[in-house]
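To start, the structure under review is shown below, and the notes come after it.
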Amino acid sequence: MAYAGKLGVTVIPELDLPGHMLAAMASYPWLGCTGGPYDVWTKWGVSDQVLCVGKESTFEFLFNVLDELCELFPSEYIHIGGDECPKKEWANCPVCQAKIAELGLKDGDGATKEQRLQNYVTKRVQDYLEAKGRKIIGWDEILEGDLAEGATVMSWRGTKGGIQAAGMGFDVIMSPTDYCYLDYKQGENDRESFVGAGYARSKFYDAENLYNYEPLDGFDAGATSHITGVQANMWTEYIRNDKELHYMLLPRLQALSEVQWCEPAGKDYGRFT
Ligand code: ACM
Ligand code: ZN
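With this note's numbering as the guide, the letters of the sequence shown map in order to residues 1 to 273.
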């Protein structure tokens, strides 16, 4: 962290919650609604098994992990995930349902009571981190239901989440899949095996596609000041070694730099190549 700091780089950790938590749940089965046993997720996709957020012991765990993260990472921002959290287990869990009743959460106005239960989780974690002088970033799912002031929204399911969030006064980081996901293949002949199954197979998003992404597009002029930056994601489920990792990162990461730092009029893909 100190070395990164010397280079002017701030590393922001992500603790993805309350979904994508199976590794923790495999070690501490009491974190889940059913009590497990749970297996570490070893394939592509999203598990229905998520943290049981009706229990105080889950928050105690999260706050302990966040304490350790904050010690390790001096960044002003901590990413708390929030994406891809199926609500199936919460709907069937007496403890989560009791918490919903206690909080008086209801379905309506475009959100279910289980989505509102996630808002409660986001807000508790946000309050905890703000008391430590930190700010939260979350994937655009955190916008579903009600989101408290002060959160930064990372738009990944296209650009609409970012545009909506900025219109509501939230800061945003743009990371739309169709441009910024470096786990998609970048050459038509890339081996399927290392970019994985599912959607990654049928498409490729090359450096030119990313280079031509213009983050300001679609935003009202008054809202563009809420765009704090752009992020690309290199998820490594199907990356087997450093060589493959570097192949996937470059030159797309360099293209991202120009997206981030060049005025639109200063961009020229010919000059870039
Ligand atoms: C994400 O790719 N699930 C944020
Ligand atoms: Zn539960």
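The beta carbon of each residue, even a glycine, is placed where N, CA and C say it ideally should be.
Buried versus exposed, by CB contacts within 10 Å (16 or more), residue i
| i | result |
| --- | --- |
| residue 246 | exposed |
| residue 255 | buried |
| residue 35 | exposed |
| residue 212 | exposed |
| residue 262 | exposed |
| residue 99 | buried |
| residue 3 | exposed |
| residue 273 | exposed |
| residue 7 | exposed |
| residue 225 | exposed |
| residue 89 | buried |
| residue 266 | exposed |
| residue 105 | buried |
| residue 37 | exposed |
| residue 250 | exposed |
| residue 108 | exposed |
| residue 1 | exposed |
| residue 187 | exposed |
| residue 150 | exposed |
For residue j and residue i, believed in contact at Cβ under 8 Å, the rounded distance
| i | j | result |
| --- | --- | --- |
| residue 86 | residue 50 | 7 Å |
| residue 10 | residue 31 | Wrong, their Cβ atoms sit about 29 Å apart, outside the cutoff. |
| residue 16 | residue 26 | Not really, about 15 Å apart at Cβ, beyond 8 Å. |
| residue 223 | residue 148 | Actually they are not in contact, since the Cβ atoms of residue 223 and residue 148 sit about 19 Å apart, beyond 8 Å. |
| residue 152 | residue 228 | 7 Å |
| residue 297 | residue 171 | Outside the modelled stretch of the chain, which goes from 1 to 273, sits residue 297, for which no answer is possible. |
| residue 70 | residue 124 | Residue 70 to residue 124, Cβ: 16 Å. No contact. |
| residue 138 | residue 122 | 6 Å |
Limits of the alpha helix (DSSP H) - the one that residue i falls within
| i | result |
| --- | --- |
| residue 88 | 88-92 |
| residue 47 | Careful: residue 47 lies outside any alpha helix (DSSP H) and carries neither H nor E. |
| residue 277 | The question about residue 277 has no answer here: the residues shown for the chain are numbered 1 through 273. |
| residue 128 | 113-131 |
| residue 56 | 56-72 |
| residue 21 | Run containing residue 21: none; DSSP gives neither H nor E here. |
| residue 1 | No alpha helix (DSSP H) contains residue 1, which DSSP labels as neither H nor E. |
| residue 209 | 207-211 |
| residue 247 | 242-249 |
| residue 180 | 177-180 |
Pick from the options that is closest to residue i, judged by C-alpha positions
| i | options | result |
| --- | --- | --- |
| residue 236 | 125, 91, 44, 123 | 44 |
| residue 102 | 241, 91, 54 | 54 |
| residue 42 | 107, 239, 171 | 239 |
| residue 175 | 216, 146, 168, 186 | 216 |
| residue 253 | 270, 269, 268, 210 | 210 |
| residue 131 | 63, 28, 248 | 63 |
| residue 126 | 161, 84, 66 | 66 |
| residue 248 | 264, 205, 270 | 205 |
| residue 214 | 159, 129, 47, 5 | 159 |
| residue 47 | 83, 79, 190, 13 | 83 |
| residue 118 | 221, 129, 143 | 143 |
| residue 13 | 269, 145, 68 | 68 |
| residue 163 | 136, 220, 207 | 220 |
| residue 24 | 61, 218, 242 | 61 |
| residue 81 | 169, 52, 136 | 136 |
Host beta strand (DSSP E) of residue i (start-end)
| i | result |
| --- | --- |
| residue 153 | 152-155 |
| residue 171 | 171-174 |
| residue 135 | 135-139 |
| residue 81 | 77-81 |
| residue 228 | 227-230 |
| residue 263 | Here residue 263 belongs to no beta strand (DSSP E), and DSSP marks it neither H nor E. |
| residue 15 | 14-17 |
Cutoff 9 Å: residue i Cβ touching any chain D Cβ
| i | result |
| --- | --- |
| residue 94 | Judged by its chain identifiers, the structure shown contains no chain D, having just a single protein chain. |
Across the region 177-184 and the region 223-233, are there enough close Cβ pairs to call them in contact, namely three or more that are closer than 8 Å?
These segments touch.
Do the region 68-79 and the region 110-117 touch if we need at least three Cβ pairs shorter than 8 Å?
The region 68-79, when compared against the region 110-117, does not touch it at the 8 Å Cβ threshold.
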